[in-house]
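The opening residue of the sequence shown carries number 62 in our numbering; numbering runs sequentially from there.
All C-beta atoms, glycine included, are put in the ideal place defined by N, C-alpha and C.
Here the structure is a predicted model, which is why all the values come from computation and not from measurement.
Right, one structure below, let's go through it.
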Amino acid sequence: LFIGNIGFMVIEGFSFMESFFMTIITISTVGFQEVEPLSDAGRIFTAFLIIFSLGIFAYVVTTLTRYIVDGIFKNYYKDNKVKKRIGKLDNHVILCGYGRNGRQAAVELNEHKVSFVVIEKDESIVENIREDSKLLYIRGDATHEDVLEVAGIDRAKALITTLPSDADNLFVVLTASQIKPGIKIISRASDDNSDLKLKRAGASNVIMPDKIGGQRMAKLVAEPDVVEFLEYIMLQGKKDVSIEEISCKKLAACFTDKSIRELDIRNVSGANIIGIKTSEKRYIINPSPDNKLTNKDQIFVLGTQIQINKLKNIINFG
Numbered sequence: 062l063f064i065g066n067i068g069f070m071v072i073e074g075f076s077f078m079e080s081f082f083m084t085i086i087t088i089s090t091v092g093f094q095e096v097e098p099l100s101d102a103g104r105i106f107t108a109f110l111i112i113f114s115l116g117i118f119a120y121v122v123t124t125l126t127r128y129i130v131d132g133i134f135k136n137y138y139k140d141n142k143v144k145k146r147i148g149k150l151d152n153h154v155i156l157c158g159y160g161r162n163g164r165q166a167a168v169e170l171n172e173h174k175v176s177f178v179v180i181e182k183d184e185s186i187v188e189n190i191r192e193d194s195k196l197l198y199i200r201g202d203a204t205h206e207d208v209l210e211v212a213g214i215d216r217a218k219a220l221i222t223t224l225p226s227d228a229d230n231l232f233v234v235l236t237a238s239q240i241k242p243g244i245k246i247i248s249r250a251s252d253d254n255s256d257l258k259l260k261r262a263g264a265s266n267v268i269m270p271d272k273i274g275g276q277r278m279a280k281l282v283a284e285p286d287v288v289e290f291l292e293y294i295m296l297q298g299k300k301d302v303s304i305e306e307i308s309c310k311k312l313a314a315c316f317t318d319k320s321i322r323e324l325d326i327r328n329v330s331g332a333n334i335i336g337i338k339t340s341e342k343r344y345i346i347n348p349s350p351d352n353k354l355t356n357k358d359q360i361f362v363l364g365t366q367i368q369i370n371k372l373k374n375i376i377n378f379g
């Protein structure tokens, strides 16, 4: 508009209103009659003004279209597609927060092939998550009940909340335990005082990354080989030797109330039972060969993946 006004005023000597009117009918291409007959210079200027205006218009339309198609529309389409996949999940884990702790939790869940949904409200983080086609996510506030419901909390087996604020984690724990009483909830905490509050609210376990980090650093000084040995077993995944828990719920009838010695588990499977969690939630470390197993026990096994799978088959099918 500015260029058109100045051009008509200088070239044709039009008044401001005449120049403004000529500029409007030129760039809008409505075809109204000219205010005054144009000189050759005026016609050339008008032609260039039309070309320039159409170019600007085409650029704006192209930019807006690309923004809508590649941005809003693309994200809307992908978000809806992900929501449909989430709706089909069952017995999955809900992961609240995708910061450093959340990302590490996601890596571990992937390693163990556990299905999970990420809830994150930070748009910049969600943009990065969208780049990974395998990740299921919801952009929203995990402290809101409706967001947890979209994540399928009624079908989930566990919830992990790694939000940076203890207050937010407490709210998530309260909301989740009200929607689905008894669901396993693991919460992050920063303050020692938050531990008891989170457990009272319904958290099954409370993890303090800073405290664990400090303990680990001190242990590396006091007992470096022990720490490295345990980390080697726990963090290497299933490449060599690993520790797994096995439920005895489907313990074969022929094995019920038999001792570890009678079952001869070490010789039959090659795996070692290094611990038992009884029905009273009591832990037995390095159990005696005379310890008997019941279908209410959980056993902790050390061995290769082949050995552990063999033991699972023996326990479940005899």
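- By the neighbour-count definition (other C-beta atoms within 10 Å, threshold 16), residue 222 is a buried residue.
- Rounded to whole angstroms, the Cβ separation of residue 219 and residue 158 is 15 Å, and the two are not in contact under 8 Å.
- Non-local C-beta neighbours of residue 271 in its own chain, meaning closer than 8 Å and more than five positions away in sequence, comprise 251, ordered along the chain.
- Looking at the DSSP output, residue 282 shares a beta bridge with no other residue.
- Within the segment 306 to 363, the complete alpha helix (DSSP H) segments of 4 residues or longer fall at 321 to 324, 326 to 330, listed in chain order.
- Cβ contact annotation for residue 319 (same chain, cutoff 8 Å, sequence separation greater than five): 353, 354, in chain order.
- Close CB contacts of residue 259 within its chain, under the 8 Å cut and outside five residues either way in sequence, are with 227, 230, 231, 234, 248, 250, 267 (chain order).
- Nearest C-alpha to residue 347 among 340, 210, 362: 362.
- Taken through DSSP and simplified to helix, strand or coil, residue 250 comes out as coil.
- For residue 168, the uninterrupted alpha helix (DSSP H) segment begins and ends at 161 to 172.
- The distance from the Cβ of residue 213 to that of residue 150 is about 5 Å, consistent with a contact at the 8 Å cut-off.
- Here residue 180 carries a strand assignment [DSSP, helix/strand/coil].
- Under the three-state reduction of DSSP, residue 197 is assigned to strand.
- Between the segment 191 to 210 and the segment 152 to 169 there are three or more C-beta pairs closer than 8 Å, enough to call the two in contact.
- Exposure of residue 113 is indicated by the presence of fewer than 16 other C-beta atoms within 10 angstroms of its C-beta.
- Exclusion of the five residues before and after residue 139 leaves 191 as the residues of its chain whose Cβ lies within less than 7 Å of its Cβ.
- Remark: C-beta atoms of residue 307 and residue 376 approach each other more closely than 9 Å.
- Straight-line measurement puts the Cα of residue 125 at about 58 Å from the Cα of residue 280.
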